[in-house]
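S.K.: After the structure tokens below, expect a handful of questions from me.
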């Protein structure tokens, strides 16, 4: 792991412990390095946090690729897992705190929004495949995309998860279940008369 990646992993650890209130001192102490070393890689906390957002989303994309390449999964299972993917190492990160980003760090919040709204190509191809094979009913994919993005953006705009006592993973799983149950083709059971 290079210094930049080590610092980004340290940033995630600090975020786990203190939420957005972590400091460069916290990261230096966690990693047992000097603040000066951190400042040679990142000029300030905002630049480091921006890099952490990209690092996190890049990790999510890597996890998506693992799902896509898993031959044991059906198309519907792949869509469900991709929509709800969160790398194993991030499952204990309290993403509920990110609703504070919009007000305190608008530039970082914009980056989160951008990353939520882009990179859908593989998911869209998979949904189209499911429609072709008949496991997903014909839908307007842009509407599904907007619904998913909107739900996640609401998690990052408001304290709804904290007030409801749900973790980010629980809320994400619920959104995915609601969406998938709406787009899957359900076999009709014949009822004897």
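Numbering (my numbering), first residue to last: 239 to 431. C-beta: ideal position from N, C-alpha, C; glycine also. In this text, all values refer to a predicted model and were calculated from it rather than measured experimentally.
List the endpoints of the continuous alpha helix (DSSP H) containing residue 415.
M.R.: The count along the chain shown starts at 1 and reaches residue 415 at position 177. 406-421 is the span of the alpha helix (DSSP H), which, as asked, contains residue 415.
S.K.: How many Å lie between residue 269 and residue 379 at the Cα?
M.R.: The residue given as residue 269 occupies position 31 in the chain shown. The residue given as residue 379 occupies position 141 in the chain shown. Straight-line Cα distance between these residues: approximately 44 Å.
S.K.: Do the region 281-295 and the region 306-318 touch if we need at least three Cβ pairs shorter than 8 Å?
M.R.: The region 281-295 is not in contact with the region 306-318.
S.K.: According to DSSP, simplified to helix, strand and coil, what is residue 276?
M.R.: Numbered from its first residue, the chain shown carries residue 276 at position 38. In this structure, residue 276 counts as helix in the three-state DSSP scheme.
S.K.: Along the chain, where does the alpha helix (DSSP H) containing residue 360 start, and where does it finish?
M.R.: By 1-based counting over the chain shown, the position of residue 360 is 122. Its alpha helix (DSSP H) spans residues 359-371.
S.K.: Does the region 361-371 come within contact of the region 400-416, defined as at least 3 CB pairs closer than 8 Å?
M.R.: In short, these stretches do not touch, since the Cβ pair count stays below three.
S.K.: What residue does the alpha helix (DSSP H) around residue 286 start on, and which one ends it?
M.R.: Locating residue 286 in the chain shown gives position 48, where the first residue counts as 1. Segment 283-306, the alpha helix (DSSP H) holding residue 286.
S.K.: Tell me which same chain residues have a C-beta within less than 7 Å of the C-beta of residue 276, skipping the five on either side of it?
M.R.: Position 38 of the chain shown, counting from 1, holds the residue named residue 276. So the qualifying residues of the chain are 245, 262, 265, 266.
S.K.: Have a look at 345, 279, 351 and flag the residue whose alpha-carbon is nearest the alpha-carbon of residue 389.
M.R.: As a working mapping, residue 389 is identified with position 151 in the chain shown. Here the closest residue by C-alpha is 351.
S.K.: DSSP three-state label for residue 374, please.
M.R.: Along the chain shown, read from residue 1 onward, the residue named residue 374 stands at position 136. Three-state DSSP puts residue 374 in a strand.
S.K.: Measure the C-alpha to C-alpha separation of residue 347 and residue 252 and round it to an integer number of angstroms.
M.R.: Here residue 347 corresponds to residue number 109 of the chain shown, with the count starting at 1. Here residue 252 corresponds to residue number 14 of the chain shown, with the count starting at 1. Between residue 347 and residue 252, the C-alpha separation is close to 19 Å.
S.K.: According to DSSP, simplified to helix, strand and coil, what is residue 242?
M.R.: As a position in the chain shown, residue 242 is number 4, starting the count at 1. Three-state result, residue 242: helix.
S.K.: Please list, in chain order, all residues of the same chain as residue 248 whose beta carbon is under 6 Å from its beta carbon, the five residues on each side excluded.
M.R.: Here the question's residue 248 lines up with position 10 in the chain shown. So the list reads 265, 268, 269, once near-sequence residues are dropped.
S.K.: In its own chain, which residues sit with a C-beta less than 7 Å from the C-beta of residue 398, not counting the 5 before and 5 after it?
M.R.: Residue mapping note: residue 398 aligns to position 160 of the chain shown, counting from 1. Correct list, in chain order: 392.
S.K.: Work out the CA separation of residue 343 and residue 396 for me, nearest whole Å.
M.R.: Counted from its first residue, the chain shown places residue 396 at position 158. Counted from its first residue, the chain shown places residue 343 at position 105. Cα to Cα, the separation comes out at about 14 Å.
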